[in-house]
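The next block holds one structure in the form of structure tokens; read it before the comments.
Protein chains in written order, with full-length UniProt numbering: chain A, 1 to 200; chain B, 1 to 200.
So, in structure tokens, the structure goes:
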């Protein structure tokens with residue numbers, strides 16, 4: 001039996017991370033409702049009580065998992081907010097690049113986040129955080145349009161959705177075997193801002 | 001009680017379409033496994049036997065629904081194949097435009113298709129058809145690169161995935177209330193091929 005370490009607060013310890021990883025894997029495979037704490041314990045070959053020693057229950061696992069995905073995206077936004085000298089277009093490009101890296105690095109977590117539909121308080125909180133993030137992306141697009149960096153004829157909210165539709169679609173097809181996340185970030189940023197074609 | 005008309009072969013009749021629409025709605029809401037033929041009958045306020053008069057069962061409904069989505073995409077590809085005078089880039093742009101229209105027009109059907117994971121013969125057949133479609137998109141990208149219409153430094157399979165990642169993301173956020181499908185097709189095609197930015 002493996003040992004579980006790490007506390008309830010702050011950054012999860014190494015073994016709490018292992019529990020989270022296993023739970024997210026199962027939530028993605030079978031769905032949250034169809035997964036029991038017994039399933040999580042069985043996957044890790046540990047006892048259920050050694051999980052409950054550190055985690056209150058399934059819903060807390062869901063919250064920690066979703067927060068891990070959202071924290072990554074919020075950190076990216078915080079970095080972008082700090083780029084004082086950059087134009088809005090450059091910030092937006094940096095945000096897309098960083099978001100691709102978050103997705104590639106936390107793929108199962110973001111996959112879980114993207115399936116959230118608001119069926120519980122945890123899920124509703126996640127949707128609220130996603131909406132706040134989307135609004136900030138839309139504001140960035142608007143600012144870039146005002147500065148003359150982005151086509152003025154596209155509705156900013158639609159542009160934000162198209163951008164993140166592209167980024168989020170990675171959850172459907174990306175695997176580390178499909179290439180380096182940094183290169184992928186470059187491809188996505190290039191397509192989104194300069195387009196696939198080479199006419200001018 | 002409503003009456004059901006239309007046969008098993010060819011285009012579904014008006015009322016078979018109503019059964020399909022209700023089934024797809026339920027599959028998307030609750031999942032295929034969690035939906036029973038009783039649920040479909042209840043949603044339509046008809047008897048289960050009046051459904052079975054025209055449809056063999058739940059799996060046939062799933063197949064018809066998925067085929068409806070895939071037929072739309074295949075028809076788009078057939079139209080594009082017929083554009084004898086067009087460059088590969090023009091064909092690809094037309095394919096993206098037509099695919100957006102298919103998605104917007106058959107949204108719940110494509111949403112269902114995109115959730116298919118290969119859990120039954122029907123789903124495996126759908127994945128095979130999707131793969132064939134993806135290969136043809138990749139071939140189009142390659143041809144456009146050879147003709148000098150598309151950036152040569154992007155892996156064609158990755159470009160195809162990014163393009164359809166963008167298109168398929170509509171299933172997550174598009175609603176007819178969010179604007180005209182034709183305008184949306186223009187926005188997506190513009191972003192994908194010419195990019196959001198206006199620098200040069």
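Ideal placement from N, C-alpha and C gives every residue a C-beta, glycine not left out.
Endpoints, alpha helix (DSSP H) assigned at residue i
i                      : result
residue 105 of chain B : 88-105
residue 129 of chain A : 121-146
residue 52 of chain B  : 48-52
residue 168 of chain A : 156-168
residue 63 of chain A  : 58-81
residue 150 of chain A : Looking at the DSSP string, residue 150 of chain A is not in any alpha helix (DSSP H), and its letter there is neither H nor E.
residue 43 of chain B  : 37-44
residue 188 of chain A : 181-194
C-alpha distance - residue i paired with residue j, whole-angstrom precision
i                      : j                      : result
residue 146 of chain A : residue 162 of chain A : 19 Å
residue 203 of chain B : residue 59 of chain B  : Given that chain B is displayed from residue 1 to residue 200, the structure contains no residue 203 of chain B and the question cannot be resolved.
residue 87 of chain B  : residue 139 of chain B : 13 Å
residue 24 of chain A  : residue 112 of chain A : 7 Å
residue 118 of chain A : residue 173 of chain B : 15 Å
residue 107 of chain B : residue 185 of chain B : 14 Å
residue 45 of chain B  : residue 96 of chain B  : 39 Å
residue 167 of chain A : residue 49 of chain A  : 39 Å
residue 128 of chain B : residue 81 of chain A  : 44 Å
residue 148 of chain A : residue 194 of chain A : 15 Å
residue 170 of chain B : residue 91 of chain A  : 25 Å
residue 181 of chain A : residue 100 of chain A : 7 Å
residue 104 of chain A : residue 34 of chain B  : 31 Å
residue 155 of chain A : residue 179 of chain B : 10 Å
residue 102 of chain A : residue 83 of chain A  : 18 Å
residue 47 of chain A  : residue 61 of chain A  : 16 Å
residue 37 of chain B  : residue 89 of chain A  : 51 Å
residue 67 of chain B  : residue 199 of chain B : 42 Å
residue 183 of chain A : residue 196 of chain A : 15 Å
residue 116 of chain A : residue 32 of chain A  : 10 Å
residue 79 of chain B  : residue 71 of chain B  : 12 Å
residue 39 of chain B  : residue 175 of chain A : 37 Å
residue 130 of chain A : residue 152 of chain A : 25 Å
residue 165 of chain B : residue 165 of chain A : 7 Å
residue 30 of chain A  : residue 85 of chain B  : 48 Å
residue 114 of chain B : residue 114 of chain A : 14 Å
Proximal residues of chain D, C-beta to C-beta of residue i below 7 Å
i                     : result
residue 85 of chain A : This model lacks chain D altogether; the protein chains it does include are A and B.
Whole-number beta carbon distance between residue j and residue i, since they are thought to touch under 8 Å
i                      : j                      : result
residue 41 of chain A  : residue 51 of chain A  : 6 Å
residue 157 of chain A : residue 150 of chain A : Between residue 150 of chain A and residue 157 of chain A the Cβ distance is about 13 Å, and since that is not below 8 Å, they are no contact.
residue 159 of chain B : residue 141 of chain B : 5 Å
residue 189 of chain B : residue 123 of chain B : Residue 189 of chain B to residue 123 of chain B, Cβ: 30 Å. No contact.
residue 19 of chain B  : residue 69 of chain B  : About 16 Å separates the two Cβ atoms, so there is no contact after all.
residue 192 of chain B : residue 191 of chain A : 7 Å
residue 73 of chain B  : residue 27 of chain B  : Contact doesn't hold; Cβ gap of about 19 Å is too wide.
residue 56 of chain A  : residue 22 of chain A  : With 8 Å as the limit, residue 56 of chain A and residue 22 of chain A do not qualify as a contact, their Cβ atoms being about 17 Å apart.
residue 16 of chain A  : residue 54 of chain A  : 6 Å
Simplified DSSP state of residue i, which is helix, strand or coil
i                      : result
residue 116 of chain A : coil
residue 198 of chain A : coil
residue 15 of chain A  : helix
residue 55 of chain A  : coil
residue 174 of chain A : coil
residue 29 of chain B  : helix
residue 84 of chain B  : coil
residue 23 of chain A  : helix
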